[in-house]
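Below is one structure, written out as structure tokens; the observations come after it.
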Amino acid sequence: MVTRERYLWTVQILVRSDGERLPLVLDANGVPAHYPTCLILSKRSRSLASASLRAVATDLVHLGQCAIRMGIDQNERLENGELIDLSEVSELAELCGVTTTALRRLNSTTVAEIRRGAGFSRSDGVINATKNRRIATAIEYINLIARIGEAQVPAADRRSLSNARKKMITLLREHKVKMRSSRIRAAFSEVELSSVVKFILNGDPAEIWQNETICQRNWALVNLLVTTGIREGELLQLKVDDVDHSENDGHHRQTAG
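See the structure below:
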């Protein structure tokens, strides 16, 4: 069954006898799809959580809807060594940014032709993290099938096809939305750092935190950061190696209640 005939159609959770919940991608006939199963089992062998595997499965179903919308049979093309071109890469990345429900609605045979040609509304969009995850899953899926296609061509053509595949993957990866990591913070200025140090030397923490318990906790954190060196990202970036145990003694005190 080819993609346009609903190869990547729905997700079903298989509950094994040991309680493991394994997500599977089924085609429209209820048969587990071959390539998605290979990809999911490969990730399962690396001990990915069931929730992560389910996210991959739902991303693959969305990818199937993208192929229907684009009017291509990506499996057959990649198996035959025909890669996705630049315009199709851009369209695929754009479709990764809308909801699966919106794609299913436009792909439905009951929708009028004039409606299928309409664009997506703002409410049909997804957050950047979801779009990036879908693109990452699409890259893995496309790369899997394309490499299988490379194995079918003569050795003389394999290198050029491999280079073209890597270029296609790079183009698709470039469409991922640039996102700032939650672990990265703007650097502190010298003025800000000096004011913190001056306050630690001469200030009264009780002026900031009136609750005695909270004051003790926060003041201990502030002193730890200053003693070990304030880093970009503060506690999120503080690592064990940042503390020189040969020069400092650590004391832990736990209050009752």
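For what it's worth, my numbering labels the leading residue of the sequence shown as 7, then goes sequentially.
Ideal Cβ positions, reconstructed from N, Cα and C, are used throughout, including at glycine.
Spatial distance of residue i from residue j (CA atoms)
{"i": "leucine 241", "j": "tryptophan 225", "result": "Bear in mind that the predicted position of leucine 241 carries a pLDDT of just 48, short of 50, making it too unreliable to give a figure here."}
{"i": "methionine 174", "j": "asparagine 138", "result": "16 Å"}
{"i": "aspartate 130", "j": "valine 159", "result": "41 Å"}
{"i": "alanine 157", "j": "arginine 165", "result": "11 Å"}
{"i": "leucine 177", "j": "cysteine 102", "result": "15 Å"}
{"i": "isoleucine 133", "j": "leucine 92", "result": "24 Å"}
{"i": "isoleucine 78", "j": "tyrosine 13", "result": "12 Å"}
{"i": "alanine 152", "j": "serine 114", "result": "28 Å"}
{"i": "asparagine 169", "j": "arginine 179", "result": "15 Å"}
{"i": "isoleucine 90", "j": "isoleucine 74", "result": "14 Å"}
{"i": "glutamate 238", "j": "leucine 207", "result": "With a pLDDT of 47 at glutamate 238, under the threshold of 50, the predicted position of this residue should be treated as unreliable, and no value is reported."}
{"i": "glutamate 100", "j": "serine 56", "result": "27 Å"}
{"i": "leucine 227", "j": "asparagine 217", "result": "15 Å"}
{"i": "isoleucine 214", "j": "cysteine 221", "result": "8 Å"}
{"i": "asparagine 81", "j": "leucine 231", "result": "54 Å"}
{"i": "arginine 22", "j": "serine 58", "result": "17 Å"}
Terminal residues of the alpha helix (DSSP H) in which residue i lies
{"i": "valine 67", "result": "56-76"}
{"i": "histidine 40", "result": "40-50"}
Residue i (DSSP reduced to helix, strand or coil)
{"i": "arginine 12", "result": "coil"}
{"i": "isoleucine 220", "result": "helix"}
{"i": "glycine 239", "result": "Because the pLDDT at glycine 239 is just 47, under 50, the model does not fix this residue reliably, and the point stays unresolved."}
{"i": "valine 37", "result": "coil"}
{"i": "glycine 209", "result": "coil"}
{"i": "valine 5", "result": "No statement about residue 5 is possible, as the shown extent of the chain runs from 7 to 263 and does not include it."}
{"i": "isoleucine 175", "result": "helix"}
Closest by C-alpha distance to residue i, when choosing among the options
{"i": "leucine 167", "options": "Ile154, Leu178 and Arg179", "result": "Ile154"}
{"i": "serine 48", "options": "Trp215, Cys72 and Glu146", "result": "Glu146"}
{"i": "valine 62", "options": "Arg223, Thr136 and Ser201", "result": "Thr136"}
{"i": "valine 108", "options": "His68, Leu84, Arg52 and Gln80", "result": "The sequence given here has alanine at residue 108, not valine. Minimum Cα distance to alanine 108 is reached at His68."}
{"i": "threonine 143", "options": "Cys221, Lys182 and Asn229", "result": "Lys182"}
{"i": "glycine 36", "options": "Glu97, Val17 and Cys72", "result": "Val17"}
{"i": "threonine 64", "options": "Thr116, Leu32 and Leu54", "result": "Leu32"}
{"i": "proline 42", "options": "Val228, Thr219, Gly70 and Arg111", "result": "Gly70"}
{"i": "isoleucine 148", "options": "Cys72, Thr219 and Leu230", "result": "Cys72"}
{"i": "serine 127", "options": "Arg171, Thr116 and Thr105", "result": "Thr105"}
{"i": "aspartate 163", "options": "Ala34, Gly87 and Leu45", "result": "Gly87"}
Residue interval of the beta strand (DSSP E) (run including residue i)
{"i": "arginine 27", "result": "27-32"}
Q: Just list the alpha helix (DSSP H) runs in the region 79-163, keeping only unbroken ones of 4 residues or longer that don't cross its boundaries, in chain order.
A: The qualifying runs are 80-85, 92-101, 106-113, 119-122 and 134-156.
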